[in-house]
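K.L.:
For the sequence shown, the residue numbers in mature numbering (1 follows the signal peptide of the UniProt record, and there is no 0) are -29 to -1, 1 to 307. Got a structure here, written out as structure tokens. Questions coming.
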Amino acid sequence: MESKMQRRTVLKLGSGFLAASALGRPAFAAGTKWDFADEYVASLMPGRAANFFISRVNERFGDQLEVVYQGGGALGYKSADHFDAVETGAVQAATTLVTQLNGINPLFNVSNLPFLVKSIEESRLLWDTASPYYGDIFEEYGQVLLFGSPSPPAGIHSKNPIDSVEALRGLRIRTFDSISTRTMANAGCAPLQIAWTDVVPQLSTGALDAMLTSADGGASISCWDYLSNFTLFFYSLASYCAHVNRDAFEALPPEVQEGLREIGQETVDFAWTEVIEVLNAGLATLEEHGMNVQREPNPAAFAQLQSAGNDARTEWLSTTGDAGAALLADFEAKVG
């Protein structure tokens, strides 16, 4: 298996020399350009947040710093590559799915704990609680946390309504990571963890009865061609971190650094407002295509899923120790 050091070396050799030479200067010259990497397309939440941030930066500091959005993996990096790419200076800034940073520090997995948050408002509280912890971790690796953005809440797209505990039993459902796979198995389902690009082929052959994702995620693959129901469970609201190479950041004039931090906070406010519109638009799109949308889950099925997710929280606390316990206690105190 390729080591982390080997991956970082490849990133440096692949595209980092120009960035490294720029970072070697004592200060950025006027007209400096940053690339901002995003694996996903601009219409999804991380892209919307990134472009809001970039537009504000270019508006306020365009004579000193130009930030260019590189969406859809235009630079050749996947989200899982971004942490190392930014650390080494191969790319100046990027937005990264937080749960893909679990290998760096398991604290990053808090937003992926099943049913920890029950609303978009609680998701914002979780971000406000967790982001100082995230910021400290990025700092350890020569990076600066700029802002965060949420994904819309995940629910279950299915052939049949999830209207009872029995509806979960044996449900062949697509899951996206080890936590969701274990949770769905604990609930009595028959989960299949596969890549997003494999979902449509599996649906078209009848290998899947359901999938765990957001409303807009389902709409993006025209899920109504295969499935008839969507139940909003608020399984999780994963978040994304936008981060920048610390040398690149600190080479900017102090007033620009402070301005970027201010714009980062504006972007957080924008993102947690925008995600409400994205959620509602996704639900409306499913309904427009004839799907039955359940905004309130069946109580018994919901209780079964909540109970099934308890193992994930217990395991997360055991791996994160005192820091995880403190983070969770802080969040629960804010929720009340």
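Idealized CB from N, CA, C, for every residue including glycine.
So what does H128 bridge to, in DSSP terms?
P.N.:
Per DSSP, M182, F201.
K.L.:
Quick one: give me the first and last residue of the alpha helix (DSSP H) that H53 is part of.
P.N.:
Residues 53 to 59.
K.L.:
Within 8 Å, do at least three Cβ pairs link the stretch 162 to 175 to the stretch 72 to 88?
P.N.:
No: the two stretches stay apart, fewer than three of their Cβ pairs being nearer than 8 Å.
K.L.:
Classify P268 as helix, strand or coil using the three-state DSSP reduction.
P.N.:
In the structure shown, P268 sits in coil (DSSP, three-state: anything other than H, G, I, E or B).
K.L.:
From the DSSP output, in three-state form, read off G189 for me.
P.N.:
Note: G189 maps to helix in three-state DSSP.
K.L.:
CA-CA distance, L153 and V57?
P.N.:
One point to set straight first is that residue 153 is Arg, not Leu, in the sequence displayed. Straight-line Cα distance between these residues: approximately 32 Å.
K.L.:
Just to check my reading of the structure: A283 and I150 have Cβ atoms closer than 8 Å, yes? What is that Cβ distance to the nearest angstrom?
P.N.:
About 5 Å; that satisfies the 8 Å criterion.
K.L.:
What whole-angstrom Cβ distance do L198 and H128 have, given they're in contact under 8 Å?
P.N.:
The Cβ separation is near 5 Å, so the contact holds.
K.L.:
Rounded to the nearest angstrom, what separates A274 and S14 at their Cα positions?
P.N.:
Distance between the alpha carbons of A274 and S14 is about 34 Å.
K.L.:
By how many angstroms is the C-alpha of G74 removed from the C-alpha of M(-29)?
P.N.:
Because the pLDDT at M(-29) is just 43, under 50, the model does not fix this residue reliably, and the point stays unresolved.
K.L.:
Quick check on the DSSP output: the beta strand (DSSP E) that includes P224 runs from which residue to which?
P.N.:
First-last for P224: undefined, no H or E at that position.
K.L.:
With DSSP run on the structure shown, which of helix, strand or coil describes C160?
P.N.:
DSSP places C160 in coil when its eight states are reduced to three.
K.L.:
In whole angstroms, give me the CA-to-CA distance for E221 and N200.
P.N.:
Looking at the two C-alpha atoms, the distance is approximately 50 Å.
K.L.:
Judging by CA-CA distance, which residue of T59, D55, L288, P124 is the nearest neighbour of L203?
P.N.:
When each option's Cα is compared against that of L203, the closest is P124.
K.L.:
Less than 8 Å between the beta carbons of A186 and L250, yes or no?
P.N.:
Contact: yes.
K.L.:
In angstroms, rounded to a whole number, what distance separates the CA positions of E258 and D148?
P.N.:
Computed Cα separation, rounded: 28 Å.
K.L.:
Check each candidate in A304, E93, A21 and name the one with the smallest Cα separation from Q41.
P.N.:
Residue A21 is the option with its Cα nearest to Q41.
K.L.:
By Cβ distance below 6 Å, which residues in the same chain neighbour V264 in space, the five residues on each side in sequence not counted?
P.N.:
F201, L254, L257, E258.
K.L.:
Who are L68's beta bridge partners in DSSP?
P.N.:
According to DSSP, which records beta bridges pairwise, L68 is partnered with Y211.
K.L.:
Is the distance from the Cβ of G119 to the Cβ of C194 below 8 Å?
P.N.:
No, the pair does not count as a contact, with Cβ atoms beyond the cut-off.
K.L.:
Select from G44, D107, R140 the residue whose C-alpha is nearest the C-alpha of D9.
P.N.:
Per the Cα distances, G44.
K.L.:
Which residues in the same chain have their Cβ closer than 7 Å to the Cβ of S50, if we skip the five residues on either side of it in sequence?
P.N.:
For S50, where only same-chain residues beyond five positions count, the Cβ hits under 7 Å are E10, T67, L68, Q71.
K.L.:
The beta strand (DSSP E) with V39 in it runs from where to where?
P.N.:
Segment 36 to 41, the beta strand (DSSP E) holding V39.
K.L.:
Just to confirm my understanding: we take A294, look at its own chain, exclude 5 residues before and 5 after, and list those with CB closer than 8 Å. What are they?
P.N.:
Hits under 8 Å: L78, Y104.
K.L.:
Could you say which of I108, L139, E110 lies nearest to L183 if we only look at CA atoms?
P.N.:
The shortest Cα separation from L183 among I108, L139, E110 belongs to L139.
K.L.:
Return the chain-ordered list of same chain residues with a C-beta closer than 6 Å to the C-beta of L36, the five sequence neighbours on each side being excluded.
P.N.:
Hits under 6 Å: T3.
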